[in-house]
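Only one structure is covered here, and it is reproduced in the block below.
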Amino acid sequence: MVIPGCCETTASNRLCDNSCLAALNTRRNLPMSDDNTHSVAIGGFVLGGLLIALITVLFVLGSGLGGDRDKVVMAFDSSVKGLSVGAPVALRGVEIGQVTAINLMLENNGTNIIMLVEAQISSANIQRESSGTDRVIDDLIDRGLRAQLNMQSLLTGLLYVSLDFHPDAPADLSRIDSPYTQIPTTPTGLEKLTRQIESLDIARIATDVQTIAAGLSAFIDQDDFQQLPQQLADSLASLELLSEDVRITVGTVGPRLEQVLSSTELLVNDMGDELPRITATVTQSLATVQAATDAFAGAMAEIDALVSSDSATTYELNTALRELAQAAQALQLLAKTLEEQPESLLRGKSRN
Numbered sequence: 385m386v387i388p389g390c391c392e393t394t395a396s397n398r399l400c401d402n403s404c405l406a407a408l409n410t411r412r413n414l415p416m417s418d419d420n421t422h423s424v425a426i427g428g429f430v431l432g433g434l435l436i437a438l439i440t441v442l443f444v445l446g447s448g449l450g451g452d453r454d455k456v457v458m459a460f461d462s463s464v465k466g467l468s469v470g471a472p473v474a475l476r477g478v479e480i481g482q483v484t485a486i487n488l489m490l491e492n493n494g495t496n497i498i499m500l501v502e503a504q505i506s507s508a509n510i511q512r513e514s515s516g517t518d519r520v521i522d523d524l525i526d527r528g529l530r531a532q533l534n535m536q537s538l539l540t541g542l543l544y545v546s547l548d549f550h551p552d553a554p555a556d557l558s559r560i561d562s563p564y565t566q567i568p569t570t571p572t573g574l575e576k577l578t579r580q581i582e583s584l585d586i587a588r589i590a591t592d593v594q595t596i597a598a599g600l601s602a603f604i605d606q607d608d609f610q611q612l613p614q615q616l617a618d619s620l621a622s623l624e625l626l627s628e629d630v631r632i633t634v635g636t637v638g639p640r641l642e643q644v645l646s647s648t649e650l651l652v653n654d655m656g657d658e659l660p661r662i663t664a665t666v667t668q669s670l671a672t673v674q675a676a677t678d679a680f681a682g683a684m685a686e687i688d689a690l691v692s693s694d695s696a697t698t699y700e701l702n703t704a705l706r707e708l709a710q711a712a713q714a715l716q717l718l719a720k721t722l723e724e725q726p727e728s729l730l731r732g733k734s735r736n
């Protein structure tokens with residue numbers, strides 16, 4: 385080492401002062417200087433930073449945060465109390481993202497408030513059977529993907545964004561100015577029930593209840609209602625007496641009914657034994673009736689032949705009737721003559 389002012393260089397050698405050489409030897413035996421200490425410290429910090437960066441990269445890659453991520457936005461018209469940045473976004477229970485921002489948007493001149501919830505969705509957590517388009521979220525929305533706010537725990541009251549398929553729910557999209565894909569939202573069953581309860585006219589219902597209560601009170605105070613317990617007790621007593629009478633009657637009629645049933649059974653058995661004979665008798669009677677019917681038909685035919693207008697019997701009968709009429713006229717004339725001239729029986733008929 386050459387110390388300025390202690391050595392000078394010539395053409396053949398370098399000449400140094402003895403005092404300078406002594407100082408040089410003393411300096412070589414001194415400990416490490418402060419500059420070297422600072423260099424080691426800086427090197428250690430740099431090495432530690434590189435190590436931390438490497439660990440961070442490994443963590444990000446291992447947790448899936450380094451995969452492809454889509455930014456989405458959802459518009460809720462209900463309260464998001466309990467939802468915070470970092471809350472999970474789950475598709476049927478599988479966490480696929482996190483909430484990144486929650487903002488307010490005023491619509492219709494501030495009369496309507498919409499809660500805008502932004503989230504990052506990791507497409508790496510959604511596997512597909514076949515390679516399709518890269519628009520995974522858009523395809524799921526077309527198939528009925530809807531967002532809801534559900535509770536993580538009833539104890540904490542924390543909310544998370546639940547994604548599921550509701551094809552029947554309308555895809556109502558709010559008019560928001562956002563570069564991100566908007567996922568339609570739909571209320572949960574609890575939210576629907578809450579809205580129905582809020583839409584009820586509680587004041588009118590309370591008035592109706594008071595009116596009904598007043599009418600009931602007036603009805604209870606009536607004398608007829610006050611007498612109702614006694615009338616009911618009397619009816620029960622009468623029913624008890626009637627039941628006792630029925631029991632006694634059944635006890636009396638029971639043996640007789642058994643006798644009737646026994647007699648009926650015997651009659652049925654006798655009928656079963658006599659049925660073939662009765663059947664034969666009925667068959668014979670039917671044959672006899674048939675023969676009588678045929679004979680009657682023949683007789684009617686003969687009578688019809690006798691009484692016809694061109695039959696001989698009818699002609700003879702008509703002739704006899706005419707002769708009988710003439711005889712009746714002669715008899716009538718004789719009776720008249722005897723009435724006028726009784727002596728004609730002795731003297732004979734007068735010529736006049």
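In terms of the numbering used here, the sequence shown opens at residue 385 and continues consecutively. Where a beta carbon is used, it is the ideal one built from N, C-alpha and C, also for glycine.
In this structure, what does DSSP give as the bridge partners for residue 454?
In the DSSP assignment, the residues bridged to residue 454 are 505.
To the nearest angstrom, how far is the alpha carbon of residue 486 from that of residue 502?
6 Å
Count the other CB atoms within 10 Å of the CB of residue 525; is the residue buried (16 or more) or exposed (fewer)?
buried
Which word fits residue 569, buried or exposed, when buried means at least 16 other C-beta atoms lie within 10 angstroms of its C-beta?
buried
Hey, quick one: how far does the beta strand (DSSP E) through residue 544 stretch, first residue to last?
543 to 549
For residue 471, name the three-state secondary structure that DSSP assigns.
coil
Since I believe residue 458 is in contact with residue 545 (beta carbons under 8 Å), could you give me their beta-carbon distance rounded to a whole number of angstroms?
Correct: roughly 7 Å between the Cβ atoms.
Within 10 Å of its beta-carbon, does residue 480 have 16 or more other beta-carbons around it, so buried, or fewer, so exposed?
buried
Please list the terminal residues of the continuous alpha helix (DSSP H) segment that includes residue 598.
586 to 604
Could you check which residue in 468, 630, 500 and 573 has the C-alpha nearest to that of residue 562?
500
Residue 657 versus residue 643 - alpha carbon distance:
21 Å
What are the partner residues of residue 485, as DSSP defines its beta bridges?
502
Please name the residue, chosen from 566, 542 and 484, that lies closest to residue 523 on a Cα-to-Cα basis.
566
Delimiting residues of the beta strand (DSSP E) encompassing residue 531:
529 to 535
Length of the line joining the Cα atoms of residue 623 and residue 571:
When rounded, the distance between both Cα atoms is 58 Å.
To the nearest angstrom, how far is the alpha carbon of residue 450 from that of residue 482?
Any reading at residue 450 must be qualified, since the residue scores a pLDDT of 44, below 50, and its modelled position is unreliable; the value itself is stated next. Approximately 14 Å between the Cα atoms of the pair.
Starting from residue 497, follow its DSSP beta bridges and name the residues at the other end.
490
Taking residue 576 as part of the alpha helix (DSSP H), name the residues at either end of that continuous run.
573 to 583
Residue(s) in a DSSP beta bridge with residue 460:
499
Roughly how many whole angstroms lie between the Cα atoms of residue 629 and residue 638?
14 Å
What does DSSP give as the partner residues of residue 565 in its beta bridges?
456
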